[in-house]
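Chemist: 201 is the number that UniProt numbering gives to position 201 of the sequence shown; each next residue is one higher, with no gaps. For each residue, glycine too, the CB sits at the ideal point set by N, CA and C. Below is the structure I would like to discuss, written out as structure tokens.
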Amino acid sequence: TYSSLLVLRALCPVCLSEMGHSTRSTAGLLLSRSDSEFDLRFVCRSLRDSEGRKLCKKVKVDPSSKRGRAELLHYKENFSNPTWSTLLCFVYTCVCMCFAEKHPDSSLVPSSLSKDFRKLLKKEERPVLMMFYAPWCGVCKRMQPIFQQAATETKGKYVLAGMNVHPAEFDGLKQEYGVKGYPTFCYFEKGKFLHHYENYGATAKDIADWLKNPQPPQPKTPEVPWSETDSAVFHLSDESFDSFLEEHPAALVMFYAPWCGHCKKMKPEYDEAAEILNKGADSPGVLAAVDATVHKAVSDRFKISGFPTVKYFEKGEEKYTLPQLRNKDKIIEFMHNPSACSFPGCPHCKNAVPHFTTAAELFKEDRKIVYAAVDCTKGQNHELCKQEGVEGYPTFNYYNYGKFVEKYNGDRGEAGFTGFMRSLRGRDQEKVVKRKEEL
């Protein structure tokens with residue numbers, strides 16, 4: 001029994017496992033947070049096991065409900081009228097960043113989020129460190145478990161929360177707090193914004209130590225634009241882009257943002273590769289770059305939404321998007337043989353293909369099971385792959401009746417692919433039997 005219980009039905013076991021907690025082999029997970037207002041316990045149970053079903057039945061959560069993907073219930077002895085703002089702070093700290101990323105259309109995050117955020121700032125007495133993030137942002141994903149750990153280490157003294165402000169409806173909020181990239185950390189005291197926190201390589205201890213004595217970021221020496229440095233890379237603009245591709249039949253183009261940490265890390269490698277490829281008489285192709293924050297017309301044309309984005313063009317036509325090209329040797333190797341395989345530079349794809357194909361053959365007579373593949377390096381598939389959450393290769397998504405259910409992260413051999421589908425089929429049969437028994 002729990003004196004206080006917050007139950008979230010549906011897909012959270014997957015979410016929590018990706019937050020660094022091991023939930024694959026257990027029926028549930030317990031997190032706790034205590035403060036002057038609440039002694040809350042958060043229990044997330046998988047509906048696939050008997051304990052989870054019993055728990056949901058006890059608190060009257062119907063797994064077959066059509067009301068939405070999730071239902072939120074709050075129980076506490078001798079307590080009434082819990083405020084949404086206080087619950088919001090707790091839920092954000094524990095799960096909402098990950099859940100919103102996986103299920104942006106979930107009913108867990110209300111449409112009046114901006115209003116509730118301001119309520120939180122107004123009512124919260126403790127200092128608040130807010131992480132403004134975007135679901136697709138790699139740095140955000142890397143920092144999320146660190147931020148979560150810092151929240152645990154500072155509980156009771158500070159409030160650490162996260163908010164997805166990528167949608168256009170939050171443009172005013174982003175402008176108000178100077179959110180120009182993701183993540184952006186803002187520090188508040190008694191509802192007033194004081195500082196940004198800009199240590200994107202921080203540990204949980206670094207964040208906790210900074211909160212003890214929060215100081216504004218130190219002024220930085222203005223950085224010389226990459227296009228104005230002594231670089232062998234060709235720097236393109238909206239006006240010069242098309243004519244450059246006409247003159248160079250094979251070109252690798254890096255779309256970047258000056259503030260992007262991954263771009264800064266890649267620039268020296270790209271420069272060194274350009275010294276060889278752009279100055280060689282018998283070079284197989286050239287390297288170019290576009291500042292996507294300045295030259296927005298060409299960036300919008302190719303739907304650039306993350307940095308760096310590296311694209312290969314052949315005879316003026318976009319052929320591949322290449323997220324795996326990050327160092328000099330791989331860049332040069334690719335340019336000498338860009339059509340080496342249908343999965344450029346992806347050995348894991350090549351290893352998985354024969355096993356995936358064999359699994360498909362085993363189920364080819366089963367009309368309810370299909371194995372399919374999409375080549376995300378082809379231009380016409382870029383938007384589809386982005387929409388389906390593909391960030392690296394290979395990515396395996398499981399769909400049921402046209403709806404995304406989960407990512408497959410199991411063994412990439414024949415046994416893994418076939419075993420996964422058989423387990424799903426067995427689960428469906430159990431549901432059919434149960435329905436018949438109920439009737």
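Measuring only the C-alpha atoms, how far is Ala151 from Tyr158?
Modeler: 8 Å
Chemist: What's the call for Ala297, buried or exposed, on a 16-neighbour Cβ count within 10 Å?
Modeler: exposed
Chemist: Ignoring anything shorter than 3 residues or poking outside the region 240-269, list the beta strand (DSSP E) runs there in chain order.
Modeler: 250-256
Chemist: Closest by CA to Cys263, which one among Lys205, Leu325, Val370, Asn278?
Modeler: The shortest C-alpha separation from Cys263 is found at Leu325.
Chemist: In whole angstroms, what is the alpha-carbon distance linking Gly156 and Glu169?
Modeler: 32 Å
Chemist: Distance, Cα to Cα, Ser423 vs Ala232?
Modeler: Cα to Cα, the separation comes out at about 54 Å.
Chemist: Of all the beta strand (DSSP E) runs that stay within the bounds of the UniProt domain "Thioredoxin" (283-426), which reach a length of 3 or more residues?
Modeler: 286-291, 309-314, 317-321, 397-400, 403-407
Chemist: Would you call Val253 buried or exposed, if buried means 16 or more other Cβ atoms sit within 10 Å of its Cβ?
Modeler: Counting Cβ neighbours within 10 Å, Val253 comes out buried, since at least 16 surround it.
Chemist: Whose C-alpha, out of Phe334, Val390, Lys368, Arg427, is nearest the C-alpha of Tyr401?
Modeler: Among Phe334, Val390, Lys368, Arg427, the Cα nearest to that of Tyr401 belongs to Lys368.
Chemist: Could you check whether Gly178 and His166 sit closer than 9 Å to each other, using their CB atoms as the reference points?
Modeler: Against a cut-off of 9 Å, the Cβ pair of Gly178 and His166 comes out as no contact.
Chemist: Exposed or buried, what is Gly172 when buried is set at 16 or more other beta-carbons lying within 10 Å of its beta-carbon?
Modeler: Around the beta carbon of Gly172, a 10 Å sphere encloses fewer than 16 other beta carbons of the protein chains shown; the residue is thus reported as exposed.
Chemist: Within 10 angstroms of the Cβ of Thr83, are there 16 or more other Cβ atoms? Answer buried if so, exposed if not.
Modeler: Any reading at Thr83 must be qualified, since the residue scores a pLDDT of 44, below 50, and its modelled position is unreliable; the value itself is stated next. Exposed is the label assigned to Thr83, since fewer than 16 other Cβ atoms lie within 10 Å of its Cβ.
Chemist: For my contact list, Ser243 and His235 are in at a C-beta cut-off of 8 Å; report their separation, rounded to the angstrom.
Modeler: In fact, because the Cβ distance is near 14 Å, the residues do not count as touching under 8 Å.
Chemist: Can at least three beta-carbon pairs, one atom from the region 277-295 and one from the region 348-360, be found at a separation below 8 Å?
Modeler: By the Cβ test, the region 277-295 is not in contact with the region 348-360, since fewer than three Cβ pairs between them sit closer than 8 Å.
Chemist: Going by DSSP, name the residue or residues bridged to Thr203.
Modeler: The partner list for Thr203 (beta bridge, DSSP) is empty, contrary to what the question assumes.
Chemist: Is Pro338 closer than 9 Å to Tyr320 when the C-beta atoms are compared?
Modeler: yes
Chemist: Using the three-state DSSP reduction, which class does Cys186 fall into: helix, strand or coil?
Modeler: It is a strand residue.
Chemist: For Val224, name the three-state secondary structure that DSSP assigns.
Modeler: coil
Chemist: Check Lys122 in the structure and name its three-state DSSP category.
Modeler: helix
Chemist: Tell me Leu236's beta-bridge partners as DSSP assigns them.
Modeler: Val290
Chemist: Nearest CA to the CA of Ser114: which residue from Gln148, His382, Gly162?
Modeler: When each option's Cα is compared against that of Ser114, the closest is Gly162.
Chemist: At the level of alpha carbons, what is the spacing between Glu406 and Pro219?
Modeler: About 44 Å.
Chemist: Using only the alpha-carbon positions, how far apart do Thr203 and Glu246 sit?
Modeler: 47 Å
Chemist: Compare the Cα-Cα distances from Lys378 to each of Lys123, Gly181, Ala251, Phe313 and report the closest residue.
Modeler: Phe313
Chemist: Just to confirm my understanding: we take Glu383, look at its own chain, exclude 5 residues before and 5 after, and list those with CB closer than 7 Å. What are they?
Modeler: Lys303
Chemist: Mark Glu223 as exposed unless 16 or more other C-beta atoms lie within 10 angstroms of its C-beta, in which case mark it buried.
Modeler: Glu223 is exposed by the Cβ-count criterion.
Chemist: To which residues does DSSP link Met131 through a beta bridge?
Modeler: Gly162, Phe185
Chemist: What did DSSP end up calling Lys192 once you bin it into helix, strand or coil?
Modeler: strand
Chemist: In terms of residues, what are the limits of the alpha helix (DSSP H) holding Asp171?
Modeler: 171-176
Chemist: Considering only residues of the same chain and omitting the five flanking positions on each side of Thr358, which have a CB-CB separation below 6 Å?
Modeler: Glu414
Chemist: Beta-carbon within less than 8 Å of Tyr200's beta-carbon, same chain only, minus the 5 sequence neighbours each way: which residues are those?
Modeler: Cβ neighbours of Tyr200 beyond the five flanking positions: Val139, Met143, Pro183, Gly261.
Chemist: At the level of alpha carbons, what is the spacing between Pro249 and Ala134?
Modeler: 36 Å
Chemist: Taking a contact to mean a Cβ-Cβ separation below 9 Å, would you say Glu272 touches Pro323 in this structure?
Modeler: No, the pair does not count as a contact, with Cβ atoms beyond the cut-off.
Chemist: For residue 462 versus Asp411, is the C-beta spacing smaller than 9 Å?
Modeler: There is simply no residue 462 to check, as the chain begins at 1 and stops at 439 in what is shown.
Chemist: Along the alpha helix (DSSP H) that carries Thr152, what are the first and last residues, could you check?
Modeler: 138-153
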